[in-house]
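Asker: Residue numbers (this note's numbering): -7 to 207.
(1) At the level of alpha carbons, what is the spacing between residue 19 and residue 4?
(2) Name the DSSP beta bridge partners of residue 121, please?
(3) If you follow the alpha helix (DSSP H) that residue 96 is part of, which residue opens it and which one closes it?
(4) Here's a check: name, in chain order, each residue in its chain whose Cβ is nearer than 7 Å to the Cβ of residue -1, leaving out the five neighbours to either side.
(5) Below 8 Å CB to CB, which residues in the same chain sit around residue 138 once its five sequence neighbours on both sides are set aside?
(6) Quick one, are the C-beta atoms of residue 77 and residue 59 less than 8 Å apart?
(7) Within its chain, find whatever has a CB closer than 8 Å to the CB of residue 124; leave out the 5 residues flanking it on each side and keep chain order.
(8) Return the bridge partner residues of residue 146 from the DSSP annotation.
(9) Where DSSP assigns a beta bridge to residue 111, which residues make up the other side?
(10) If you draw a straight line from the C-alpha of residue 185 to the C-alpha of residue 158, how long is it?
(11) With DSSP as the reference, label residue 170 as helix, strand or coil.
(12) Starting from residue 133, trace the alpha helix (DSSP H) in both directions and tell me its first and last residue.
(13) How would you write the range of the alpha helix (DSSP H) that residue 79 sits in, first residue to last?
(14) On the DSSP bridge list, what partners appear for residue 178?
(15) What separation, rounded to the nearest whole angstrom, lies between the Cα atoms of residue 101 and residue 56?
(16) In the structure shown, what three-state DSSP assignment does residue 189 receive?
(17) Where does residue 54 fall in DSSP's three states?
(18) Indicate the three-state DSSP secondary structure (helix, strand or coil) for residue 195 in the structure shown.
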């Protein structure tokens, strides 16, 4: 009988010690689980907040750049020198080459004032000529006829070397009420490649507003 008590005594102490350990571990595990859950939620919240901030920054810069580019044709059509160039095209004493060179310079300077790659073009339907910040631009009478007027942004695919690239373009006509190419004295167009948007999105994915250079 005594031997049975001696065997059950240590066993009872072991069970009590094990029960005590379990009692202590349960709240510790609970607190750890709760802390882990809270930490995960905080991290998720921070990631979502950061993503929303980056997206908001992207949209703000996108709107700003598009709005700036939208004003370029208006600015050019109102430029006294450019208007004089357009209106004096039929003047036999007008130094066309020299003045066209100055207009090209104005277009180029206006173009580089934007953080986005773009091209500015003046089409002269009556003379079937074009002046553009893109020196490779040629006059396409069918294109001009199809794009009078085009006061809203339009997505187009154009040939760039041996490949096809997409870009957005819009333009205004002079006079402003012109609806056909025969009524049009000049077209002032701005266009930018889709690559501008792609590069901005890539920088958003790279992370951080500071990394979002607009070029």
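The beta carbon of each residue, even a glycine, is placed where N, CA and C say it ideally should be. Given the structure is predicted, the values throughout are model-derived calculations rather than measurements.
Answerer: This is what the structure holds:
(1) To locate residue 19, count along the chain shown from 1; it is residue 27. To locate residue 4, count along the chain shown from 1; it is residue 12. About 24 Å.
(2) Within the chain shown, residue 121 is the residue found at index 129, counting from 1. Partner(s): 116.
(3) As a first step, residue 96 is located in the chain shown; it is residue number 104 there, counting from the start. From DSSP, the alpha helix (DSSP H) with residue 96 extends over 88 to 104.
(4) Translated into the one-based positions of the chain shown, residue -1 becomes position 7. Annotation note: pLDDT 48 at residue -1 (below 50); position unreliable, coordinate value reported separately. For residue -1, where only same-chain residues beyond five positions count, there are no Cβ hits under 7 Å.
(5) On the chain shown, residue 138 is found 146 positions in, with the first residue counted as 1. Cβ within range, chain order: n/a, list empty.
(6) Along the chain shown, one-based indexing puts residue 77 at 85. Along the chain shown, one-based indexing puts residue 59 at 67. One thing to note: residue 77 has its Cβ no nearer than 8 Å to the Cβ of residue 59.
(7) Counted from its first residue, the chain shown places residue 124 at position 132. The residues are 96, 99, 111, 112, 113, 114.
(8) Position 154 of the chain shown holds residue 146. Beta-bridge annotation (DSSP): residue 146 is paired with 161.
(9) Reading the chain shown from its first residue, position 119 is the one you call residue 111. The bridge partners DSSP lists for residue 111 are 183.
(10) Position 193 of the chain shown holds residue 185. Position 166 of the chain shown holds residue 158. Distance between the alpha carbons of residue 185 and residue 158: 6 Å.
(11) The residue labelled residue 170 in the question sits at position 178 within the chain shown. Correct three-state label for residue 170: coil.
(12) Locating residue 133 in the chain shown gives position 141, where the first residue counts as 1. That run of the alpha helix (DSSP H) goes 133 to 138.
(13) Residue 79 sits at position 87 when you count from the first residue of the chain shown. For residue 79, the enclosing alpha helix (DSSP H) covers residues 72 to 79.
(14) Against the chain shown, residue 178 aligns to sequence position 186. Residue pairing by DSSP places residue 178 opposite 166 in a beta bridge.
(15) As a working note, residue 101 is residue 109 in the chain shown. As a working note, residue 56 is residue 64 in the chain shown. Here the alpha carbons of residue 56 and residue 101 stand approximately 19 Å from one another.
(16) The residue you call residue 189 lines up with position 197 of the chain shown. Assignment of residue 189 by DSSP, reduced to helix, strand and coil, places it in the helix class.
(17) Translated into positions along the chain shown, residue 54 becomes position 62. DSSP places residue 54 within a helical segment (H, G or I) once states are collapsed to three.
(18) Numbered from its first residue, the chain shown carries residue 195 at position 203. Note: residue 195 maps to helix in three-state DSSP.
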